[in-house]
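Engineer:
Numbering (full-length UniProt numbering), first residue to last: 1 to 710.
(1) Return the CA-CA distance between residue 428 and residue 666, expressed in angstroms with no decimal places.
(2) Measuring straight from C-alpha to C-alpha, what distance separates residue 62 and residue 102?
(3) From the beta carbon of residue 178, is the nearest beta carbon of chain D less than 8 Å away?
(4) Does the region 250-257 come within contact of the region 299-313, defined as at least 3 CB pairs closer than 8 Å?
(5) When you compare only the Cα positions, how much space is there between residue 606 and residue 99?
(6) Leaving out five residues before and five after residue 333 in sequence, what residues of the same chain have Cβ atoms less than 7 Å from its Cβ?
(7) Compare the Cα-Cα distances from residue 202 to each of 243, 447, 166, 466 and report the closest residue.
(8) What residue ranges within the UniProt domain "TonB-dependent receptor plug" (55-163) form continuous alpha helix (DSSP H) runs of no fewer than 4 residues, ordered along the chain?
(9) Thinking residue 128 and residue 321 are a contact (beta carbons under 8 Å), I'd like their distance in whole angstroms, please.
(10) For residue 566, collect the residues of the same chain with a Cβ closer than 6 Å to its Cβ; drop the 5 residues on either side in sequence, then sort them by chain order.
(11) In chain order, what residues of the same chain lie with their CB nearer than 6 Å to the CB of residue 481, ignoring the 5 residues before and after it?
(12) Would residue 640 be called buried (16 or more neighbouring beta carbons within 10 Å of its own) or exposed?
(13) Can you tell me the Cα-Cα spacing of residue 485 and residue 418, whole angstroms?
(14) How is residue 399 classed by DSSP in three states: helix, strand or coil?
(15) Does the region 213-220 come close enough to the region 190-200 that 3 or more CB-CB pairs lie under 8 Å?
(16) Under a three-way DSSP split, which group does residue 603 fall into?
(17) In terms of residues, what are the limits of the beta strand (DSSP E) holding residue 676?
(18) Tell me the rounded alpha-carbon separation between residue 159 and residue 525.
(19) Which residue from 318, 82, 210, 311 puts its Cα closest to that of residue 371?
(20) Looking at the unbroken beta strand (DSSP E) that takes in residue 478, where does it start and where does it end?
(21) Can you tell me which residues form a DSSP beta bridge with residue 619?
(22) Is residue 87 buried or exposed, if buried means 16 or more other CB atoms sit within 10 Å of its CB?
(23) Looking only at its chain, what residues have a beta carbon closer than 6 Å to the beta carbon of residue 709, apart from the 5 residues adjacent to it on each side?
(24) Does the Cβ of residue 184 have 16 or more other Cβ atoms within 10 Å, making it buried, or fewer, making it exposed?
(25) Using a Cβ-Cβ cutoff of less than 8 Å, which residues in the same chain neighbour residue 228 once the five nearest sequence positions on both sides are dropped?
(26) Relative to the alpha-carbon of residue 197, which residue among 560, 628, 170 has its alpha-carbon at the smallest distance?
(27) Is it true that the region 376-391 meets the region 401-410, where meeting means three or more beta-carbon pairs spaced less than 8 Å apart?
(28) Going by CA-CA distance only, name the one from 414, 408, 336, 366 that's closest to residue 391.
(29) Residue 533: buried (16+ other C-beta within 10 angstroms of its C-beta) or exposed?
(30) Helix, strand or coil: which one does DSSP assign to residue 389?
(31) In the structure shown, what three-state DSSP assignment does residue 354 receive?
(32) Straight-line CA distance for residue 113 to residue 491?
(33) Nearest-angstrom Cα distance between residue 324 and residue 339?
(34) Specify the secondary structure class of residue 742 as computed by DSSP and reduced to three states.
(35) Does DSSP classify residue 510 as helix, strand or coil?
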């Protein structure tokens, strides 16, 4: 069946599902405010501006997904979340090959590279791009996830040029409770999760514990051995101790540990650049011991104190991450080449903020400082294998062998003021100054020749923001904003490329117009934004010709613009309809890539789908003391390019998901299916000489999830 017919069939099936269902679980609720009309949508409370506000009062583009929406929609990992957020795209390749983009800006995955999209867990930034995308670990016992689109440098700081993902986990409290959840699905999919909260001293000290373990067989098969290659085995533990020693003082200590023992390198080989020539989820390799291992642990100390006129907050954190990869790099049935790599990253961060109390007069203000110290060390060992003599090369020849080290230190001061000019007009101004120092060293062998590179650099930027909002009525607010973003420069390893060892700062100016509105007696929420981003020296990941290695280069000038829409409607007390979408247009205005000797001016940016959308219906029907719930979703993605040459692309596709469950106050059982039409689609691809390597998205999957709360 052609793609167009598949999409038509999916749309018709989805439409009939809405008619037959008559509706479907309830909408996302970060916090409910007790509206009298049971049909009204509840208020969403977020901390996008580092203070509690209604989502509808925040003059920027924000999506919020709370714990109830996660359960209703079956959101188990970061990739599940991406399909629900306009302009957010995440490839679900093996973790070390995963990429995330927001509004056309891609977070690079080379060790030590600045992210471009900040990922925060309980206010602590994940500076390591590999640990930031570990799929399941950060959505454990989560209260809500906020995705802030557009430059967030003023308040969130370091390398948040495209936006920030703010993951807020549940704080311990005085209620004793526990919950267990088990999921079993096809392809050996198994998930066990448990969380508990308990008071240690009544009204004063509380403890929460949570853990999860996820197992799954691989979706891809090695045609040489017949074995799966991309299996996963991941787990995490988090513990929190909260203490309220005196009135106004809140102290929270958090410790966490995560690990992943996954298979790796699920690349399907493609002859030429036409990705339709690939056989989905079939790889060719002489090795079955390919692997991708991750270990991450850390702690944070969060202190806040409410004074008469202000609140002071301090967050001190330490993290350490380690990643090991081993894989076949010739993608053939012969032992020609292989590579082992190891990455270690260690970070200390400290943030101190002083903010006015909410509702104190016409002026809200916030000032703060941020400090960080981080170190990245990595080692690469890529050599020829036992069959290399077939190509006239000796066994054990050092293609790329050596180590890299990067030391970074930085300081920032920032502030933000919001002044109510009148009862309707409000003006917000913010400014952040950041200074970073980087020291890089590398040494080893590249194709048998010794290489060495030592360099240090300093980067300083002022990041301003100006926003003007107008409240038409208690339910309608419009805003306009102007902000600047930056991503610091850095270094490429000479172990993977003999040229282009440095890349420059990326600077951007963003313009945005937005609308936050609630209609139909608060039964319909409609938010929209249009934006334009002008980018100088955009940092782009490029594959080194003839290899699978990726380095960072600079495009001279780029321009991104788009439209984002989020709608949620409580049609009845039982039925909720959700429609989210984005249209994105990206263009390199001036980009000559020295590594490939090619001019990409006029091309679209990679990993930036032309459009994305989510259409969903939720239905809850009380039946004899139980609750019958159902959910149907259609997730669509437009054409996406995977390289700057625009030679590798995926045609538009749509995925159909369905959930059907029964629950009481204590337990729930849910049957679920994803990608029900078994659509084949590529999530990531890269050039490999004159050919290509492609990573496919998950096929049709199904299973059952049961939970019990006590």
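By construction, the Cβ of each residue, glycine as well, lies at the ideal position given by its N, Cα and C atoms.
All values reported here derive from a predicted model rather than from experimental measurement.
Structural biologist: Reading it off the structure:
(1) Taking the first residue of the chain shown as position 1, residue 428 is located at position 428. Taking the first residue of the chain shown as position 1, residue 666 is located at position 666. C-alpha separation (whole angstroms): 45 Å.
(2) The residue labelled residue 62 in the question sits at position 62 within the chain shown. The residue labelled residue 102 in the question sits at position 102 within the chain shown. Distance between the alpha carbons of residue 62 and residue 102: 12 Å.
(3) You won't find chain D in this structure, because it holds only one protein chain.
(4) yes
(5) Translated into the one-based positions of the chain shown, residue 606 becomes position 606. Translated into the one-based positions of the chain shown, residue 99 becomes position 99. Spanning the two alpha carbons is a distance of roughly 11 Å.
(6) The residue given as residue 333 occupies position 333 in the chain shown. Excluding positions up to five away in sequence, the list reads 224, 284, 286.
(7) Indexing the chain shown from 1 puts residue 202 at position 202. Cα-wise, what sits closest to residue 202 is 243.
(8) 67-73, 78-82, 129-132, 153-156
(9) Mapped onto the chain shown, residue 128 falls at position 128. Mapped onto the chain shown, residue 321 falls at position 321. Residue 128 to residue 321, Cβ: 5 Å. Contact.
(10) For the purposes of this step, residue 566 is identified with residue 566 of the chain shown, where counting begins at 1. 527, 580, listed in sequence order.
(11) Taking the chain shown and counting its residues from 1, the one referred to as residue 481 is at position 481. Only 467, 512 meet the Cβ criterion.
(12) Position 640 of the chain shown, counted from the first residue, corresponds to residue 640. Under this definition residue 640 is a buried residue.
(13) On the chain shown, residue 485 is found 485 positions in, with the first residue counted as 1. On the chain shown, residue 418 is found 418 positions in, with the first residue counted as 1. Answer to the nearest angstrom: the Cα atoms are 20 Å apart.
(14) Position 399 of the chain shown, counting from 1, holds the residue named residue 399. Looking at residue 399 - three-state DSSP - the assignment turns out to be strand.
(15) Counting Cβ pairs under 8 Å, three or more are found: they touch.
(16) In the chain shown, the residue the question calls residue 603 occupies position 603. Coil, per DSSP.
(17) Along the chain shown, one-based indexing puts residue 676 at 676. Careful: residue 676 lies outside any beta strand (DSSP E) and carries neither H nor E.
(18) The residue labelled residue 159 in the question sits at position 159 within the chain shown. The residue labelled residue 525 in the question sits at position 525 within the chain shown. Between residue 159 and residue 525, the C-alpha separation is close to 31 Å.
(19) In the chain shown, counting from the first residue as 1, residue 371 sits at position 371. Nearest C-alpha to residue 371: 318.
(20) Within the chain shown, numbered from 1, the residue matching residue 478 stands at position 478. From DSSP, the beta strand (DSSP E) with residue 478 extends over 476-487.
(21) Within the chain shown, the letter at position 619 stands for residue 619. According to DSSP, which records beta bridges pairwise, residue 619 is partnered with 575, 630.
(22) Within the chain shown, numbered from 1, the residue matching residue 87 stands at position 87. Under this definition residue 87 is a buried residue.
(23) By 1-based counting over the chain shown, the position of residue 709 is 709. Excluding residues within five positions, the ones whose Cβ falls inside 6 Å are 179, 666.
(24) Along the chain shown, read from residue 1 onward, the residue named residue 184 stands at position 184. Result: exposed.
(25) Start at 1 with the first residue of the chain shown, and residue 228 comes out as number 228. Same-chain partners within the cutoff: 217, 218, 219, 220, 221, 222, 263.
(26) For the purposes of this step, residue 197 is taken as residue 197 along the chain shown, with counting starting at 1. When the alpha-carbon of residue 197 is set against those of 560, 628, 170, the nearest one is in 170.
(27) yes
(28) Start at 1 with the first residue of the chain shown, and residue 391 comes out as number 391. Comparing Cα-Cα distances from residue 391 to each of 414, 408, 336, 366, the minimum goes to 336.
(29) Walking along the chain shown from the start, residue 533 turns up at place 533. Burial call: buried.
(30) Looking up residue 389 in the chain shown gives position 389. In the three-state DSSP reduction, residue 389 falls in the helix class (H, G or I).
(31) Start at 1 with the first residue of the chain shown, and residue 354 comes out as number 354. In the structure shown, residue 354 sits in a strand (DSSP, three-state: E or B).
(32) As a working note, residue 113 is residue 113 in the chain shown. As a working note, residue 491 is residue 491 in the chain shown. Looking at the two C-alpha atoms, the distance is approximately 8 Å.
(33) As a position in the chain shown, residue 324 is number 324, starting the count at 1. As a position in the chain shown, residue 339 is number 339, starting the count at 1. Approximately 11 Å, taken between the alpha carbons.
(34) In the structure as shown, the chain starts at 1 and stops at 710, and residue 742 therefore has no counterpart that could be examined.
(35) By 1-based counting over the chain shown, the position of residue 510 is 510. Judged by DSSP in its simplified three-state form, residue 510 adopts strand.
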